[in-house]
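S.K.: Please read through the structure below; I'll follow up with questions.
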């Protein structure tokens, strides 16, 4: 009998004991980025549905169950969520969290000590690269901001921002990418006129804006849109302190347009992890996503699909959902040699693995070959306002 994916987070949690293979999925359902989180979660669900619709897990077609919990883009909430996923729901692996601080906290406190593999869908802080101390239990499906920060610095100078002020939220993700940006920008010849942290979730940032606003018309803003980024930008525009903005994916949201107005963002540019839409793997992904109503090109949506599909492939290739064997298998299914598997090709992969063959998953977001630190290379796009909406262009 065909087994189908359970469709809601509440149902996932209530029925997790019935599942055949459990993957934990801590996501930022609340907190500063719920709009960014929702389509990523939909992509996670879509990957599991593809698995279950094409034969399920192992020879007897066991159901792949996504057990979701709210990590809220918060370190403490992430520790609580993953503790429950591992100790109560008995998940075999973790796909998520979304945010860097949440990923670091849960990995150090919970998943690494428990011997459970984490594959984050979008955590991009450079601090993650060296945090695991040789355990080989932390991976990510999105490129490190060690690359994005450099791309953003090059973009700022290409936009004519020869001098710039920097304001960053005092959290793991935003502080780390700001540090990379400042180093790369100054190395390339730019002048940083101010470089100040701001605390998230303040009602007003007028004093912060006043402190750095006299130094430049250009502001590199590293923040989450829902935890102060929009407020800081509004204060900057209201006071006339800044007119040009540049930043990373934490600010890239339709809510920013709704709150600030497209007319006030015409000289603003934000970068994010992106897919190369010219590849066969992206074409396969887009066909699947379009049919399911999932926005294929939204930030980190393809990465969410890849992370889930790869984790399922790793468990299938290992022949077991035993936590101890998943990490080695995860590396094997994403790396040559092996027959190329594209997004959605679960039945093909299952047949090859059953016959003793090797596979090499080529992801929706691009090549997913993990380096020694569990990192992947990646592409980035720049988003600007066109006809009142964000329009993304791949950075070459």
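In mature numbering (1 follows the signal peptide of the UniProt record, and there is no 0), the protein residues as written are -19 to -1, 1 to 377. For every residue, glycine included, the Cβ atom is placed at its ideal position computed from N, Cα and C.
Please return the same chain residues whose Cβ sits closer than 6 Å to the Cβ of residue -10, not counting the five positions on each side in sequence.
M.R.: Note that residue -10 scores 34 on pLDDT, short of 50, meaning its location in the model is unreliable; the coordinates nonetheless yield the value given after this. Correct list: empty, nothing qualifies.
S.K.: Residue 3 and residue 73: beta carbons closer than 7 Å?
M.R.: Yes.
S.K.: Give, in chain order, every unbroken run of the alpha helix (DSSP H) that is at least 4 residues long and sits entirely within the region 36 to 72.
M.R.: Qualifying alpha helix (DSSP H) stretches, in chain order: 56 to 68.
S.K.: Would you mind giving the Cβ-Cβ distance between residue 56 and residue 8, rounded to the nearest angstrom? I have them listed as a contact below 8 Å.
M.R.: The Cβ separation is near 15 Å, so there is no contact.
S.K.: Quick check: the Cα distance between residue -12 and residue 266, rounded to an integer number of angstroms?
M.R.: With a pLDDT of 35 at residue -12, under the threshold of 50, the modelled position of this residue cannot be trusted, and the question is left open.
S.K.: Given this structure, state the Cα-to-Cα distance separating residue 378 from residue 299, to the nearest angstrom.
M.R.: Since the first residue shown for the chain is -19 and the last is 377, residue 378 is missing from the structure and cannot be characterised.
S.K.: Hey, could you find the ends of the beta strand (DSSP E) residue 149 is sitting in?
M.R.: That run of the beta strand (DSSP E) goes 144 to 150.
S.K.: Could you tell me which whole alpha helix (DSSP H) segments of length 4 or greater appear in the region 300 to 370?
M.R.: You should have 307 to 314 and 327 to 335.
S.K.: Spatial neighbours of residue 261 within its chain, please: C-beta separation below 8 Å, excluding the five flanking residues on both sides.
M.R.: Within the same chain, residue 261 has close Cβ partners 323 and 343.
S.K.: On the criterion of 16 or more Cβ atoms from any shown chain inside 10 Å, does residue 133 qualify as buried, or is it exposed?
M.R.: Buried: at least 16 other Cβ atoms inside 10 Å.
S.K.: I need the DSSP call for residue 226, collapsed to helix, strand or coil.
M.R.: If DSSP states are grouped into helix, strand and coil, residue 226 belongs with the strands.
S.K.: State buried or exposed for residue 94, treating a residue as buried only when at least 16 other CB atoms are found within 10 Å of its CB.
M.R.: Classification of residue 94: exposed, given that the 10 Å Cβ count is below 16.
S.K.: Is it right to say residue 372 is buried, meaning 16 or more other beta carbons lie within 10 angstroms of its own, or is it exposed?
M.R.: Classification for residue 372: exposed.
S.K.: Helix, strand or coil: which one does DSSP assign to residue 203?
M.R.: Three-state result, residue 203: strand.
S.K.: What is the rounded straight-line gap between the Cα of residue 311 and the Cα of residue 276?
M.R.: The straight-line gap from Cα to Cα measures roughly 26 Å.
S.K.: Report whether the distance from the Cβ of residue 37 to the nearest heavy atom of the ligand GDP is below 6 Å.
M.R.: Because no ligand of any kind appears in the structure shown, any question about the ligand GDP cannot be addressed here.
S.K.: Could you have a look at residue 180 and say whether DSSP puts it in helix, strand or coil?
M.R.: DSSP places residue 180 in coil when its eight states are reduced to three.
S.K.: In whole angstroms, give me the CA-to-CA distance for residue 375 and residue 301.
M.R.: Approximately 39 Å between the Cα atoms of the pair.
S.K.: Please state if the CB of residue 138 and the CB of residue 363 are separated by a distance shorter than 7 Å.
M.R.: Not in contact: residue 363 and residue 138 (Cβ atoms no closer than 7 Å).
S.K.: So, helix, strand or coil for residue 7, using DSSP?
M.R.: In this structure, residue 7 counts as strand in the three-state DSSP scheme.
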